[in-house]
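Report on the structure given below.
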Amino acid sequence: MSRFIFITGGVVSSLGKGIASASLGAILQARGLSINMIKLDPYINVDPGTMSPFQHGEVFVTDDGAETDLDLGHYERFAAIKSSQSSNYTAGRIYERVIAKERRGEYLGATVQVIPHITDEIKSSVLNSTNDADIVLVEIGGTVGDIESLPFMESIRQLGVELGHDKALFIHLTLVPYIPAAGEIKTKPTQHSVKELRTIGIQPDILLCRADRPIPDDERKKIALFTNVDLDSVISAVDVDHIYKIPRELHERGLDDIVVKKFGLDLPPADLSDWDEVVESLEHPQHTVSIGFVGKYIEHTDAYKSLNEALVHAGIHTHTQVNVVKIDSDLIEDEGTDMLKDLDAILVPGGFGSRGVEGKIMAANFARTHKVPYLGICLGMQVAVIEYARNVLGLDKAHSSEFNPKTPDPVIALITEWKNIDGSIEKRDEHSDLGGSMRLGAQTCKLVPGTKAQKAYEGAEQIHERHRHRFEFNNNYLDALQNAGLVISGVSLDNELVEIIELSDHPWFIACQFHPEFTSQPREGHPLFNSYVRAALAHQQDKH
Ligand code: GLN
C-alpha cells in the first residue's frame, strides 16, 4: 500500500509549495521509490481551464486532456511523472460529484453535509488516485486558515488518523522572515501558522521554513519547541537562484533521510547526479541567445510557465543561456517590427482573444521575410498560416474565424466534428461550453519524411504532443497554400488535421498546432526546443 505525504502551506501564499513538493518527489525518486503527486485546490472552479492566466498562471494540460493547475507542470518536470485527470481535484469538482450523487439518490435521502459527504469524496478521490506508487505526495493549495480549504484540511486530518503514523506524514511550509530594521529572524509567523494547523487537528511532522538565509540553531530550537516538531525536522529552505538547485538543496538539509526514517524504510542513498548535471550546465553556459517572445500576457511570468521552462531546458542541453526578450504584440502593431531586428529568433506562443493578433502576424511576417528562426506554437502556427495566406497567396483578408467570423477566407476555422483517440466522434460549435469545446490532450502526429520538423525531432516518425485549442488549419486552403510553397510537415494520425507547418526556403521556420512545452523536462530537454535554440545560435553567427 502507498504511503502518503500531505503538504500544506502557511503564513503567506507563493512560497513555492508546488516546487518544494515536486523537489521532494524528485529526491524520493532518486532513492528508488516510485512516486505519484496530487494537487487539491480549494477554489470552486471545476477546473482551472477557464481561469485567467493573468490571475492564475498557465493552464497545464495533461496527456489525457485535463486542464489543470500549473503546479502539475512542476510535478512532471521535477519528478518525471505523467499526471492525469486524477492528479488535480478542485473544491468545485468535488462538490460537482457530490451533488450529482445526491441527484441520483445515492445518499438515500440523508442530509448531505460537508462532513462526512464532501470529506469522504475528497478522501476517496485521494485514495483512488495513488497509481500504486510507493509514495503519494498530496499538496493542498492555499494557506492554512483560509475558509475554503477547511474541508480539505479536515479530510487529510482524517486520512492521517485512518492511515496511521507509519503511512502518513504531514509537511508544513512556512516563511521565516528576516527583519532588516531589527537585524533579526522572526519565528512568530511560523509558530502561529502551526498553531492554526494544530487547531484543525494536524500536527506537522516536518517544517520546511522558507528563509533568505540559513536559520540559526537557536531559532530552529525555538520553532521546534513551540510547534512540537523534532529539531531535526525543522528545515531551513533557503532561497536559491535557480529552481533546479532545490532537489540538491533539500537533500543536503536531510529532507529525504527524515522522510525515509519516519516511514521506517531502508533505502540506498539518493543519486542526484542528473540534477547536478542540469545545474552544472545552467551555471556554465558557453553561448547566449536572445529570443523575442511575442505575446499578450508577457508581464505575468507564470502565464507561460511551461514555455519559459522549455526554453531553459533547451539552454541546458545546448549549453546556452537563453535570454527571453518579452515583446508586447500590441506594441508591434503601434510601432512596427523594428524592435525585432536584433533578435536571434522569434517565438509566438499560444493565446486566446483578438487583442494583439495583428502584431503577432507582423512578427511572423518579419521572421519569414528576414529569415529569422521562428517557432510558432498553437496560435503562433495559426498566425503564421494567416500571414502566408495574406502575403504569399495574396488573400488580403485571410484570417481565423475566431478573430473575424466574417472573413471571406477563414484559413483557420472551427472544425465542427472530429474523432477522438478512442474513436468516439466529438462535435462542437461556437456555442459549446467554454471548457468543453477544445481539442485537448496528447494526440499522435505523423511527421512527414525529409522535413525540417522531422529532423528537429531527431528522425522520429510519430510524436505525441498535447493540444489545447478550438480552431484548426482549414483544409479547404490546403492545396492553395501548398502550391504557394507552404510545407506541411506533420499531420494527425487520420491525415485530417494539419499539425505542423514549415518553410523550405528558410533556415528554421516551424510552427505547430500543439504545445510541445508541456512535455519538456530539464533532464531530457525537448528535441524541438533544442533544435530551435541551435537555429538561433546559427542565425547569430551568420549575422556576424
Ligand atoms: N485561440 C486559438 C484556438 O483556440 C489558439 C489556442 C492556443 O494557442 N492555445 O484555436
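Everything in the sequence shown is counted per our numbering, starting at 1 for the first residue and increasing by one.
Just so it is clear, CB atoms sit at the ideal spot from N, CA and C, and this is done for glycine as well.
Values in this document were obtained by computation on a predicted structure and should not be read as measured data.
- Selection Cys378, Ser2 and Gly18 evaluated against Val136 yields Ser2 as nearest (Cα-Cα).
- Of the other Cβ atoms in all chains shown, fewer than 16 fall within 10 Å of the Cβ of Val161; this residue is therefore exposed.
- When Cβ pairs closer than 8 Å are counted between the two stretches, the segment 482 to 492 is seen not to touch the segment 68 to 79, the count staying below three.
- In the three-state reduction of the DSSP assignment, Lys82 falls in the coil class, being assigned neither a helical nor a strand state.
- DSSP places Tyr43 in the coil class of the three-state scheme, outside both helix and strand.
- With 16 or more neighbouring CB atoms inside 10 Å of its own CB, Lys296 falls in the buried class.
- Residue pairing of Met37 in beta bridges, as defined by DSSP: Leu137.
- Pairing Met381 with Thr318, the inter-Cα distance amounts to about 25 Å.
- Three or more Cβ pairs drawn from the segment 23 to 32 and the segment 259 to 273 lie within less than 8 Å of each other, which places the two stretches in contact.
- For Ala511, the uninterrupted beta strand (DSSP E) run begins and ends at Phe509 to Cys512, by DSSP.
- Apart from the 5 residues on each side of it in sequence, Val12 sits with its Cβ closer than 6 Å to the Cβ of Leu175 in its chain, given in chain order.
- Taking 8 Å as the cut-off, one finds no heavy atom of the ligand GLN near enough to the beta carbon of Leu225.
- Take Arg93, set aside five residues on each side of it, and the residues of its chain with a beta-carbon closer than 7 Å to its own are Val46 and Asp47, in chain order.
- Under the Cβ criterion (8 Å, minimum of three pairs), the segment 181 to 188 counts as touching the segment 215 to 231.
- Beta bridge pairing from DSSP links Gln540 with no other residue.
- Inclusion of Ile235 and Arg253 in the CB contact set at 9 Å is warranted, their separation being smaller than that value.
- Ser520 is positioned such that its CB atom lies no closer than 9 Å to that of Glu283.
- Around the beta-carbon of Gln513, 16 or more other beta-carbon atoms lie within 10 Å, marking it buried.
- Following the DSSP letters along the chain, one finds Tyr374 inside the beta strand (DSSP E) bounded by residues Tyr374 to Ile377.
- Look at Ser401: its beta carbon is at least 8 Å from all of the heavy atoms in the ligand GLN.
- When the five nearest sequence neighbours on each side are left out, the beta carbons in the same chain lying within less than 6 Å of the beta carbon of Phe60 are those of Thr68, Leu70, Leu72 and Gly73, in order along the chain.
- Under the three-state reduction of DSSP, Ser2 is assigned to coil, being neither helix nor strand.
- Remark: the shortest separation between the CB of His300 and any heavy atom of the ligand GLN does not fall under 8 Å.
- Three or more beta-carbon pairs separated by less than 8 Å link the segment 29 to 43 to the segment 135 to 151, which places the two stretches in contact.
- Per the Cβ contact rule, the segment 327 to 338 is in contact with the segment 350 to 366 (3 or more Cβ pairs under 8 Å).
- In this structure Ala384 is buried. Its beta-carbon is surrounded by 16 or more other beta-carbon atoms within 10 angstroms.
- Under DSSP, Ile258 forms no beta bridge with any residue.
- The DSSP assignment places complete beta strand (DSSP E) segments of no fewer than 3 residues inside the segment 444 to 494 at 462 to 469, 471 to 473 and 486 to 492, in order along the chain.
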